[in-house]
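Note that this note's numbering has the sequence shown beginning at 1, numbered continuously upward.
Taking it in order: structure first as structure tokens, then the write-up.
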Amino acid sequence: MEKEVIDLFEKTFNETIESIEKVSASGSNRKYLRLISKNHRCIGAYNEDCKENKAFISYAKQLKANGINVPTIYAEDLNHNVYLQQDLGNETLFDFLKTHSLEQTMPYYIKVMEQIAKIQTIKNFDYSHAYPAKTFDKQSMLWDCNYFKYYFLKFFDIQFDERLLEEDFNRLTDYLLSCENDYFIYRDFIPRNIMICDNELYFIDFQGGRKGSLYYDLASFLFNSKTDLDNLTRKKLFNIYLDNVSQYTNINKTESRNYLFAYVYLRLIQNMGAYGFRGVFEKKKDFIKSIPFALKNLDFLLTNVDLGIDIEHLKNCFYQILHSKKIQDTINQNKLTITVQSFSYKKGHPCDISGNGGGFVFDCRALPNPGREQKFKQMTGLDNEVKQYLEAYPQTKAFFDSAMNLINMSVENYLERKFSHLSVSFGCTGGQHRSIYFAQKCADTLSQNPDLNVIIHHIEQNI
1 MEKEVIDLFE
11 KTFNETIESI
21 EKVSASGSNR
31 KYLRLISKNH
41 RCIGAYNEDC
51 KENKAFISYA
61 KQLKANGINV
71 PTIYAEDLNH
81 NVYLQQDLGN
91 ETLFDFLKTH
101 SLEQTMPYYI
111 KVMEQIAKIQ
121 TIKNFDYSHA
131 YPAKTFDKQS
141 MLWDCNYFKY
151 YFLKFFDIQF
161 DERLLEEDFN
171 RLTDYLLSCE
181 NDYFIYRDFI
191 PRNIMICDNE
201 LYFIDFQGGR
211 KGSLYYDLAS
221 FLFNSKTDLD
231 NLTRKKLFNI
241 YLDNVSQYTN
251 INKTESRNYL
261 FAYVYLRLIQ
271 NMGAYGFRGV
281 FEKKKDFIKS
291 IPFALKNLDF
301 LLTNVDLGID
311 IEHLKNCFYQ
321 ILHSKKIQDT
331 INQNKLTITV
341 QSFSYKKGHP
351 CDISGNGGGF
361 VFDCRALPNP
371 GREQKFKQMT
381 GLDNEVKQYL
391 EAYPQTKAFF
401 DSAMNLINMS
411 VENYLERKFS
421 HLSVSFGCTG
431 GQHRSIYFAQ
441 KCADTLSQNP
451 DLNVIIHHIE
461 QNI
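See below:
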């Protein structure tokens with residue numbers, strides 16, 4: 001692959017390559033190299049699937065001709081399955097979202113809504129190189145449903161009746177096809193497939209695009225597992241999208257909400273199939289890490305959305321998924337488990353239940369003691385009155401911040417080295433106030449990291 005890419009680069013630019021570096025391809029089987037010469041740089045791509053290459057190159061040229069920011073295709077040698085495309089750097093929209101507040105990312109979100117409306121409604125789009133299908137039709141949807149059935153439901157021993165499940169798949173897909181399906185769908189429209197280059201958004205990985213419904217891409221983006229948008233933001237962005245797409249095509253805004261949520265169901269079905277195949281079967285941990293976010297979206301739909309169609313057996317499978325011990329065990333075995341404990345120094349240090357030894361023990365006894373005041377005697381560090389008492393002292397924040405700096409250093413290192421357990425303990429005189437306060441606050445903070453399985457144990461309190 002490297003020789004073919006180098007030959008194409010030097011033939012195209014008439015310069016010798018000075019450096020080559022590998023570029024991550026995330027979950028795909030494509031291979032990418034960053035190629036740099038004295039005056040040029042680009043990404044060299046290799047993909048054994050020639051039909052997919054043709055689809056990507058065809059779509060890239062059409063989208064660019066319609067004013068959409070996509071990578072420029074500099075050269076192609078499809079006989080050797082290689083092509084050269086514009087180097088857009090390394091920062092995806094997903095990377096930006098992880099390190100910036102919602103207020104900072106909102107302008108990008110709004111621009112995404114504006115651009116996807118424009119992409120979907122391009123007139124006279126040529127689908128002659130679409131792969132594996134020209135339309136996202138019933139057969140394509142049922143492929144996703146079967147992917148989910150065989151690589152998720154069966155992998156995790158979810159019980160179902162084959163006939164009843166197939167009937168529900170058909171009812172769901174018939175409903176999805178009852179809305180207009182004459183638009184370009186990106187198929188994998190997620191923040192990881194949007195690059196930020198010179199403060200502009202660029203769209204990549206659209207080779208799976210085909211003709212279909214407007215709502216599939218919205219479902220993919222707004223309910224993307226790892227983006228984890230809150231419902232208020234989703235609603236705001238959806239309304240912005242509806243305003244934009246209405247400039248290009250007629251749309252029934254009243255029906256749009258239910259169609260969106262129906263496609264969210266289908267997108268979750270497709271995602272969970274991928275998580276089973278890529279995560280469990282191929283043992284790619286990043287896919288398993290996405291399962292908790294999918295479960296959260298699934299729980300939201302089951303709690304808040306009624307599509308008005310009979311898919312009760314499918315819903316029964318969804319409820320089993322949400323309560324599956326096997327799924328939870330699979331999620332947790334790929335995480336770093338952190339046991340956080342509070343204890344009393346009067347009764348000695350807690351034992352290390354992991355058997356690994358080490359970890360952190362923080363002594364809270366130098367801090368103001370709520371236990372000396374009568375009004376706190378029957379309370380613990382979980383009570384708001386005790387929290388307010390401790391947080392009135394600046395040394396409380398200094399103590400916690402210092403402890404978390406040390407803990408986070410180990411967490412980062414342990415994750416990189418694939419360690420399985422870390423122990424963190426907070427002790428005070430009676431194990432009731434200060435130690436419980438800090439242990440709980442520490443556990444709550446660590447629980448925000450999806451790569452961690454946090455266990456909290458207050459030794460002196462039955463809570």
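Ideal placement from N, C-alpha and C gives every residue a C-beta, glycine not left out.
Distance between Phe-189 and His-458, taken at the CA atoms: about 44 angstroms. The DSSP-derived three-state label of Thr-337 is strand. Within a 10 Å sphere around the beta-carbon of Met-409 sit fewer than 16 other beta-carbons, which makes this residue exposed. For Thr-99, the three-state secondary structure derived from DSSP is helix. In terms of CA proximity to Lys-138, Leu-176 leads the group Leu-176, Ser-342, Tyr-59. With fewer than 16 other beta carbons inside 10 angstroms of its own, His-349 counts as exposed.
Distance between Cys-42 and Ile-196, taken at the CA atoms: about 16 angstroms. Below 8 angstroms, enough C-beta pairs join the region 443-458 and the region 289-304 to call them touching: three or more.
Leaving aside the five residues that flank Glu-48 on each side, the residues in its chain whose CB is nearer than 6 angstroms to its CB run, in chain order, Asn-81. Non-local C-beta neighbours of Asn-39 in its own chain, meaning closer than 8 angstroms and more than five positions away in sequence, comprise Phe-13, Glu-15, ordered along the chain. In this model, Glu-10 and Arg-30 are separated by some 21 angstroms (Cα to Cα). Bounds of the beta strand (DSSP E) holding Lys-31 are 31-36. Nearest in C-alpha terms to Asn-297, of all of His-313, Tyr-265, Gly-273, is Tyr-265. Runs of beta strand (DSSP E) with 3 or more residues, each lying fully within the region 363-441, are found at 421-428, listed in chain order. Ile-240 places its beta carbon 9 angstroms or farther from that of Thr-337. Membership of Leu-222 in the alpha helix (DSSP H) is indicated by the continuous run 214-222.
Between Lys-118 and Gly-67, the C-beta gap is smaller than 9 angstroms, which places the two residues in contact. The beta carbon of Thr-173 sits closer than 7 angstroms to those of Lys-138, Met-141, Leu-142, all from its chain and outside the five residues before and after it, given in chain order. Beyond the five residues adjoining it in sequence on each side, Gly-371 comes within less than 6 angstroms, by CB distance, of Gly-430, His-433 in the same chain, given in chain order. Under DSSP, Tyr-46 takes part in a beta bridge, and its partners are Lys-31, Val-82. When Asp-168, Pro-71, Asp-95 are compared, the shortest CA-CA separation from Gln-86 is found for Pro-71. When DSSP reads this structure, Thr-92 sits in a beta bridge with Met-195.
Boundaries cannot be given for Phe-155, as no alpha helix (DSSP H) includes it and DSSP labels it neither H nor E. Here the alpha carbon of Ser-128 sits roughly 13 angstroms from the alpha carbon of Gln-207. For the set Met-379, Lys-51, Phe-156, the Cα lying nearest the Cα of Asn-79 is the one of Lys-51. Taking the C-beta atoms as reference points, Ile-331 is found no nearer than 9 angstroms to Leu-382.
Check the Cα spacing between Lys-236 and each of Leu-84, Met-106, Thr-380: the tightest is with Met-106. Looking at the DSSP output, Phe-360 bridges to Val-424.
The beta strand (DSSP E) runs of length 3 or more contained entirely in the region 286-345 are, from start to end of the chain, 336-344. With 16 or more other CB atoms across the displayed protein chains lying within 10 angstroms of its CB, Leu-367 is buried. Minimum Cα-Cα distance from Thr-92 among the listed residues Asn-334, Gln-104, Ile-204 corresponds to Ile-204.
Bridge partners of Arg-278 according to DSSP: none are assigned. Of all alpha-carbon atoms in Lys-149, Lys-98, Phe-96, the one lying nearest the alpha-carbon of Gly-273 is that of Lys-149. Residue state for Leu-177 is assigned as coil, using DSSP reduced to three classes. Residue burial annotation: Gln-120 is buried, with at least 16 other C-beta atoms found within 10 angstroms of its C-beta. Per DSSP, the beta-bridge partners of Arg-210 are Ile-185.
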